[in-house]
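Visitor: Per the numbering used here, the very first residue in the sequence shown carries number 7; after that it's consecutive. All C-beta atoms in this analysis are idealised placements derived from N, C-alpha and C, irrespective of residue type, glycine included. There's a structure below that I have some questions on.
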Amino acid sequence: MATALPIGSRAQAPDGTLLRPRTLLQIATAIVVLVALVNVTTPRALGVLIALAALTPWIVASPVRGLHVLLVGAIVVEIFPLGFPDSLTDRIPLFENLSNSLGVKGISATPAELLMGLVLVLGIAKSGPAIRAGLVKGRLFWPYLLFLGAVLMGEMHGLLAGGDLNKSLWELRPQVYGFIAFVIASLLIRSRQDIERIAVIAVVAILFKAVIGDFRYFIVLGHNLGTHETVLGHEDSFFLALVPMAALATLIWTGWTRTFKLLAVASVVALGALLANERRAGIAALAAGIAVILVLAIRFNPEQRRRVLIFTVIAVAACVVFLIVFWNVQNGLIGQLVRPVRSQFDPSYRDYLSDIYRQAENTNLKLSFDTNRLIGMGFGMPFLTVLTQADISSIYPLWNYIPHNTLLWIGVRMGLVGCVTFWGLFGTGLLQVCRSLNVQRNRFILALVAVIGAAIMCELFVAYADLQLESYRNMIFIGAALGLLNVVPRLFPEPAEETRRVV
C-alpha cells in the first residue's frame, strides 16, 4: 500500500522500536502462563485469586502494572462461558461474583473489582498532590464525573421506584468500572514509556485473542460455526477492529517503520478472527473507525493530506467494486465483509429476525423514554414491552433491562440528564482528540490519539447495535483510553499559541 501510495517514509520518522519481537513474546508468554494456571485450578475462581495474590507485591512495587493487568483482563477474558471444546479465557471467572464462582455466600465482589480496588487505592496513595491535581484539572475529569453523577442518580431513582437491586447492579457496574479505569489511568500514566507499554500490552492481548479465534474457526470448527453464533465474545469484535486501525494510523503518522510492519502482520490475524466472529456491528465499527482515522488525517496531517485523499478515493472505489463482485456471496469470510451492507437491503433469514427484534425493541425503548423524559425510569426497572419481542429470556435473562441499543438505554434509564452528560463526555473526548492532533508534535502520540478517536467512534457503533455500552470489558478499556487522553496535555505540554500548526 505504501509503495503505491507512499503515506509516510523512512525519512519522515525514525524506525519504530515500539514493538520489539522479544517484548511481544515475553508479554504473550506471561498471558499464556496466567491463563493456563487459572484453567488447571479447581475451582477456577481460586486460581484467579491465587494469581492476583501472587501479582500483588509486583503491583505494589509499581502500581501502573495493575493497570496493565486490568487491561489484559478486559481484553482477554469473556464475561460468560462460550462452551467450546478449546475454551480457555471464557472459563476464567474474572467478572463473576465470588459468591457464585467460589460457592461462598455473601461475597458479592468479583476478582476484577478486587483488582480495581487495589490499584485505585495504590494510585491515590502513591500519587503526589501535583498528579492528583492534574487528574482534576484534566479536560475529561468533570465531564466524566457529571456522567457518573447521572448514573448514580439513575441507580437511586430506580431503587426508590421499586427497581430490582440485582438487575440494577448489572446496569450500574460497567459505568462505575469505566470511571474507575479512567481515574486509575489518569493517576498512573506518568511518562511516554508508560503509554508505550500500555499500547504494546493492548496489541499483544488482542493478538492473543485473535489467535484463539482463528484457531477455533479454522481448526476446531473446520470453517463451520454450526450451532454457535460466534467464535469469541461479542465484545471481542470491538477489540479486534482496533489492530488494523492502529496499523493505518501508524503508517500515516510515523511512516514505514518496523512498528507498522508488525502491526500490519497482526492486522491479518485480527481481521481473520473478526470476520470469523460474524458480528455485523463489529465489521461496521471497523469501517467507521477507519473512516475516522482518514478524516482526522486529512484534517490534521497536512504533510500527508494529498496522499491520504488519494488513498481514500481508491479505497472507496475498491470497496464498491468488491461489493459488486461478491454481492451474492453469503458464506465464509468474504460473505462477512458483504453482510453488513447487503443486510440493509436484502437480509438473510437470521439478519431479518434480528432486525425485526431490534425494531420492536427500539420502539419499546422510545415508549419507555416517554414515561419520564427528564430523569428516566431509573436502573433496575424493566422497560416497557408494548410491542411483542421474541422470547430470548432463556439465553439472555436481562433482555428487558439491557437492550441491544444501549444508546437508547441511556435515555430510558437517566432521561435527558443522562443523554446530555453522556454525549458531553464522549463529545469532549472527541474534541480532545482533535485538539491533541492539532497541537502535538510527537508522531507516536499523534498516531495513538487518532486510534483513541477511532475507538470512541467504534464504541458508539457497537453501543448502538450490540449492547456494548453495558459491557464490563468495553467500559474498562474506554475508561482507560479516556484517562490516557486526559493526561496527554500534562505529559506533552502544548506549544504556545503562536507556534501551533495551522492546518
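Which value, in whole angstroms, describes the spacing of the CA atoms of residue 150 and residue 424?
Guide: Taking the straight line from one Cα to the other gives about 11 angstroms.
Visitor: Once you ignore the five residues that flank residue 298 on each side, which residues in its own chain have a CB closer than 7 angstroms to its CB?
Guide: Correct list, in chain order: 459, 460, 463.
Visitor: Which same chain residues, not among the five before or five after residue 380, have their C-beta less than 8 angstroms away from its C-beta?
Guide: So the qualifying residues of the chain are 421, 422, 423.
Visitor: Let me know the secondary structure DSSP gives residue 468 once reduced to three states.
Guide: Helix, per DSSP.
Visitor: What does the alpha-carbon distance come out to for the pair residue 244 and residue 115?
Guide: If you take the alpha carbons of residue 244 and residue 115, they lie about 26 angstroms apart.
Visitor: Work out the CA separation of residue 206 and residue 451 for me, nearest whole Å.
Guide: About 13 angstroms.
Visitor: Roughly how many angstroms separate the alpha carbons of residue 316 and residue 302, rounded to a whole number?
Guide: Whole-angstrom Cα-Cα distance: 15 angstroms.
Visitor: Quick one: using the 10 Å Cβ neighbour count with 16 as the cut-off for buried, is residue 479 buried or exposed?
Guide: Residue 479 is buried by the Cβ-count criterion.
Visitor: With respect to the alpha helix (DSSP H) encompassing residue 117, which residues constitute its N-terminal and C-terminal limits?
Guide: Counting along the chain, the alpha helix (DSSP H) containing residue 117 begins and ends at 117-131.
Visitor: Excluding the 5 residues preceding and the 5 following residue 76 in the sequence, name in chain order all residues of the same chain whose CB lies nearer than 8 angstroms to its CB.
Guide: If we look at residue 76 and ignore the five residues flanking it on each side, its Cβ neighbours are 118, 121, 122, 125, 187, 190, 482, 486.
Visitor: Going by DSSP, what residue range makes up the alpha helix (DSSP H) through residue 220?
Guide: Where residue 220 is concerned, the enclosing alpha helix (DSSP H) stretches over 198-221.
Visitor: Classify residue 358: buried if its beta carbon has 16 or more other beta carbons within 10 angstroms, exposed otherwise.
Guide: The residue is exposed, with fewer than 16 neighbouring Cβ atoms inside 10 Å.
Visitor: What span of residues does the alpha helix (DSSP H) with residue 183 cover, start to end?
Guide: Note, residue 183: alpha helix (DSSP H), 171-194.
Visitor: What residue range is occupied by the uninterrupted alpha helix (DSSP H) comprising residue 514?
Guide: Lying outside 7 to 509, the shown extent of the chain, residue 514 is not represented and no answer is given.
Visitor: In angstroms, rounded to a whole number, what distance separates the CA positions of residue 477 and residue 387?
Guide: In a straight line, the C-alpha of residue 477 is about 19 angstroms away from that of residue 387.
Visitor: In whole angstroms, what is the alpha-carbon distance linking residue 361 and residue 209?
Guide: Roughly 33 angstroms between the two C-alpha positions.
Visitor: For residue 410, count the other beta carbons within 10 Å of its own beta carbon; 16 or more makes it buried, fewer makes it exposed. Which is it?
Guide: Label assigned to residue 410: buried.
Visitor: Hey, how far is the Cα of residue 346 from the Cα of residue 306?
Guide: Cα to Cα, the separation comes out at about 30 angstroms.
Visitor: In chain order, what residues of the same chain lie with their CB nearer than 7 angstroms to the CB of residue 66, ignoring the 5 residues before and after it?
Guide: Within the same chain, residue 66 has close Cβ partners 128.
Visitor: Which full runs of the alpha helix (DSSP H) of 4+ residues lie inside the segment 223-292, going along the chain?
Guide: Taking only runs of at least 4 residues, the alpha helix (DSSP H) segments lying wholly in the segment 223-292 are 240-260, 264-282.
Visitor: When you compare the CB positions of residue 272 and residue 213, do they come within less than 7 angstroms of one another, or not?
Guide: A contact, by the Cβ cut-off of 7 angstroms.
Visitor: Do residue 247 and residue 291 have their C-beta atoms within less than 7 angstroms of each other?
Guide: Their beta carbons are under 7 angstroms apart, which means residue 247 touches residue 291 by this criterion.
Visitor: Within the same chain, show all residues whose beta-carbon is closer than 8 angstroms to that of residue 286, passing over the 5 residues directly before and after it, in chain order.
Guide: These residues qualify, in order along the chain: 345, 346, 349, 357, 471.
Visitor: Just how far apart, CA to CA, sit residue 337 and residue 193?
Guide: C-alpha separation (whole angstroms): 47 angstroms.
Visitor: In terms of alpha-carbon separation, which member of 54, 390, 144 lies closest to residue 39?
Guide: The residue with the shortest Cα to Cα distance from residue 39 is 54.
Visitor: Closer than 7 angstroms by C-beta to residue 435: which residues in its own chain qualify, once you throw out the five before and the five after it? Chain order, please.
Guide: Contacts found: 146, 462, 488, 491.
Visitor: Is it buried or exposed, residue 432, if we count other Cβ atoms within 10 angstroms and call 16 or more buried?
Guide: Residue 432 comes out buried.
Visitor: Less than 7 angstroms separating the beta-carbons of residue 276 and residue 78?
Guide: No, these two residues do not count as a Cβ contact at 7 angstroms.
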